[in-house]
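Below: the structure, in structure tokens.
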Amino acid sequence: MKYIYYIPLLTLLIAVSGCNTSQKESVTSPDQQIKVKIGLQEGRLYYTVAKKDQTILGRSFLGFELQGSSLKDRFTITGIRHSSFYEQWDQPWGEEMTVENHYNEMIVDLQETTPSARKLSVVFRVFNDGLGFRYLFSEQENLKEFVIMDELTEFNLLQDHEAWGLAHDTKFYEGLYEKLNVSCLDTVCTPLTLETAGGLYLTIHEANLTDYAAMKLTPTKGSTQLKVYLTPWTTGEKVFIQVPGATPWRIMIIVETPGDLILSRLMLNLNEPSKIADISWIKPGRYIGIWWGMYMKKHTWEMGPKHGATTKNTKQYMDFAAKHGFSGVLVEGWNPGWEKWSNYSFTESYPDFDIEEVTRYGREKGVALIGHHETGGEVARYEEQMEDAFAYYKKHGVHAVKTGYVGGILDGKERHSSQFGVRHYRKIIETAARYQIMIDNHEPVMPTGLQRTWPNLITQEGVRGQEWDAWDVDEGNPPVHTTVIPFTRGLAGPMDFTPVTFNFENPVLPQTRVQTTIAKQLALFVVLYSPLQMASDMIENYENRPEFEFITSCPVNWSATTVPEAKIGEYVTIARKDRDSEAWFVGSITGEHAREAQIDLSFLDDNRSYIATIYRDGKDADWRSNPYPVEIEERTVDSGTVLVINQASGGGTAIRITPNL
Ligand code: NOJ
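Following this note's numbering, the numbering of the sequence shown begins with 2 at its first residue and continues without gaps.
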């Protein structure tokens, strides 16, 4: 389904004038609720944002420090152009089928009043659920290639809202989000989610990061004003720009419930449509892998007596996958380099891993091999091999590859979230697309919706995943973590969190374990969206566990998503409708606090009866002392039902709802 209209409403040309300092203009959302105003103060462009009668951003200035000059003041407005846009577009995979893209646009053209008369435009798009804006650099005499030393974009929050922040230098974004008032934040990553005293939920992030540095936010002078901070190159520059060019979009979601944050598609709408014509090879799916066993020290990545990635083990995993309906088996540790986590080869395998044979076997069983490229952060070495590496996998019929960049810094020099890193990740995604390969990017730069343009970017990490429960002696992931990330990192796109651990005994580090009940492990499969979704445990731990049936029946691609109840950092319930049937799947989780979930099933079709199979925390379940009990219950339900279910501390509920035929 595709329906587009584009209306240039009015082109307002304002005469260039040296004293044009207070010229104002505004644009509202299609429903008139959100209003963005712009103006000049002493030649500096600012914008303000309000929703109904609440001012969300006071005067927030825009501009840049460039190498050798500023591009921030002595401006006059030379034109303001307005238009509106509406379309519906279908997602090849996603949390729903059809996305509505409806906004009013205002482009503000600026020119310096100085002899160099450089031009800069800012485009604002205002949606019913927020706004995005970006800078445009048009072709001109006095601005060719240039270097951004600092982006001065501000978000001048007028009140000291509560914020869920992650320190900007958190390695690979694998940290716990902390709730602080804005004035207490240090420099943080985006998405940054805020709750206002007036009952609004705001998320600041970016969209369409393609050749720029990732955006972080830094508070100015301990106030409630945030300013963009860009990850620098090691030589100090932030971004090298080619004219004509544009920055990524700076976005702010503005909604009235936490659930509506999850349902916003503003970030995707601000990315370009797909550049991949034939997407028949892009297939969401459930996968298992030769992986958790490495953390449990049953297996090793490198070759040796306990080598995990052997032909024999892979076939065993493929047998299990075929039997239980998993489409892929990830195999890590198949190639030389693991002895030192460096100098990897991507075109030769260890002698005990016969790629020809395992892929042949997989084809016979209808199970795909999911490849793995750990680079150790050695980008140059990876780029040298990338064409051959993807050709090698393509030759063996592999259509998905997990990439990894473990290593403090790329090529011993640049940060993952710098323009250097951003360029590299983008190159890999585009190259992989030419070989019809999907990418699951671990240790990425924070995602910004590029999957709309490159739907082979099927999922990413950039989150503190379940693996931390295997090896982090100090903390692991406290139960609250998964009630926060759907509203922070999760808003940036699919997360390869890798849930579904069934055995909580950790023989290697007995003091460390997954901090949930089993029912919550099931629920996470629905709550934490990823179209390539892993059941991460070793296969033997799934044997004789009736509750595993929830996972083997649970789709990963959806035609609709809704959020019946949510409180950030406390609990969240998400219901999703299967793309290929009339069935719904519900995941409901709580943090540290036991609670009574009230799950309103009004999302079901009216006048229809359904069977709900409920996987709930069993009697006396508790993540600390008694995590395993699960009760499985069947009930007849309809759109008038509100399920009232007790959830244990660190617990949850998973529900499959199928039409009662
Ligand atoms: C860290 C990744 O998150 C994990 O999934 C992977 O197994 C290791 N790096 C090795 O590549």
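Glycine is no exception: its CB is placed at the ideal position from the N, C-alpha and C atoms.
Bear in mind the structure is a predicted one, so any value in this text is a computation, not a measurement.
Throw me the rounded Cβ distance for the residue i and residue j pair, which I believe falls under 8 Å.
{"i": "Thr-654", "j": "Ile-646", "result": "5 Å"}
{"i": "Gly-199", "j": "Gln-55", "result": "5 Å"}
{"i": "Tyr-351", "j": "Trp-335", "result": "6 Å"}
{"i": "Ala-561", "j": "Glu-97", "result": "5 Å"}
{"i": "Phe-526", "j": "Val-485", "result": "Phe-526 to Val-485, Cβ: 18 Å. No contact."}
Do residue j and residue i count as a contact pair if the criterion is CB distance below 9 Å?
{"i": "Leu-167", "j": "Arg-490", "result": "yes"}
{"i": "Trp-559", "j": "Pro-274", "result": "no"}
{"i": "Thr-49", "j": "Ser-61", "result": "yes"}
{"i": "Gln-243", "j": "Glu-146", "result": "yes"}
{"i": "Lys-307", "j": "Val-509", "result": "no"}
{"i": "Arg-266", "j": "Val-100", "result": "yes"}
{"i": "His-169", "j": "Val-189", "result": "yes"}
{"i": "Ala-471", "j": "Tyr-296", "result": "yes"}
{"i": "Asn-209", "j": "Leu-271", "result": "yes"}
{"i": "Gln-112", "j": "Thr-79", "result": "yes"}
{"i": "Glu-175", "j": "Val-464", "result": "yes"}
{"i": "Leu-46", "j": "Val-123", "result": "yes"}
{"i": "Arg-657", "j": "Phe-586", "result": "yes"}
{"i": "Thr-315", "j": "Ile-291", "result": "yes"}
{"i": "Lys-284", "j": "His-425", "result": "no"}
How far does the alpha helix (DSSP H) with residue i in it extend, from its first residue to its last?
{"i": "Leu-533", "result": "First-last for Leu-533: 533 to 535, but that is the beta strand (DSSP E), not the alpha helix (DSSP H)."}
{"i": "Tyr-351", "result": "No alpha helix (DSSP H) holds Tyr-351; DSSP gives it neither H nor E."}
{"i": "Gly-294", "result": "293 to 296"}
{"i": "Ser-122", "result": "Per DSSP, Ser-122 belongs to no alpha helix (DSSP H); it is in the beta strand (DSSP E), 120 to 128."}
{"i": "Asp-320", "result": "312 to 325"}
{"i": "His-482", "result": "482 to 485"}
{"i": "Leu-267", "result": "267 to 270"}
{"i": "Ile-280", "result": "Unbroken run through Ile-280: none, as it is neither H nor E."}
{"i": "Glu-550", "result": "549 to 554"}
{"i": "Ala-497", "result": "It should be pointed out that residue 497 corresponds to Asp in this sequence rather than to Ala. Counting along the chain, Asp-497 falls outside any alpha helix (DSSP H), and DSSP gives it neither H nor E."}
{"i": "Ala-471", "result": "469 to 472"}
Are any of the Cβ atoms in chain C nearer than 9 Å to that of residue i?
{"i": "Thr-642", "result": "Absent from the structure is chain C; it holds one protein chain and no more."}
Identify whether residue i lies in helix, strand or coil by the three-state DSSP scheme.
{"i": "Gln-420", "result": "helix"}
{"i": "Ser-70", "result": "strand"}
{"i": "Val-183", "result": "helix"}
{"i": "Met-98", "result": "coil"}
{"i": "Ala-392", "result": "helix"}
{"i": "Phe-138", "result": "strand"}
{"i": "Ser-275", "result": "coil"}
{"i": "Lys-620", "result": "coil"}
{"i": "Met-304", "result": "coil"}
{"i": "Lys-172", "result": "helix"}
{"i": "Gln-386", "result": "helix"}
{"i": "Gly-19", "result": "Legend: pLDDT at Gly-19 = 33, less than 50; position of this residue unreliable, value from coordinates given subsequently. Here Gly-19 sits in coil by DSSP."}
{"i": "Phe-522", "result": "A quick correction: the sequence has Gln, not Phe, at residue 522. Helix at Gln-522."}
{"i": "Tyr-87", "result": "strand"}
{"i": "Gln-24", "result": "Any reading at Gln-24 is ruled out, since the residue's pLDDT is 49, under 50, leaving its predicted position unreliable."}
{"i": "Leu-159", "result": "coil"}
{"i": "Pro-259", "result": "helix"}
{"i": "Trp-1", "result": "Since the first and last residues shown for the chain are 2 and 662, residue 1 lies out of range."}
{"i": "Lys-414", "result": "coil"}
{"i": "Leu-665", "result": "The structure shown has nothing for residue 665, since the chain only spans 2 to 662."}
{"i": "Gly-246", "result": "strand"}
{"i": "Thr-360", "result": "helix"}
{"i": "Arg-514", "result": "coil"}
{"i": "Thr-432", "result": "helix"}
{"i": "Val-645", "result": "strand"}
{"i": "Leu-664", "result": "With the chain covering only 2 through 662, there is no way to say anything about residue 664."}
{"i": "Glu-476", "result": "coil"}
{"i": "Phe-488", "result": "helix"}
{"i": "His-425", "result": "helix"}
The beta strand (DSSP E) that contains residue i, what's its start and end?
{"i": "Leu-58", "result": "55 to 62"}
{"i": "Pro-565", "result": "559 to 568"}
{"i": "Ser-603", "result": "Counting along the chain, Ser-603 falls outside any beta strand (DSSP E), and DSSP gives it neither H nor E."}
{"i": "Asp-151", "result": "147 to 152"}
{"i": "Gly-405", "result": "401 to 405"}
{"i": "Pro-220", "result": "216 to 220"}
{"i": "Asp-441", "result": "439 to 442"}
{"i": "Val-229", "result": "226 to 231"}
{"i": "Ala-655", "result": "653 to 660"}
{"i": "Tyr-47", "result": "45 to 52"}
{"i": "Thr-574", "result": "572 to 579"}
{"i": "Gly-463", "result": "Element bounds for Gly-463: n/a, residue is neither H nor E."}
In chain order, what are the residues with a CB under 5 Å from some non-hydrogen atom of the ligand NOJ? Glu-375, Gly-405, Val-407, His-443
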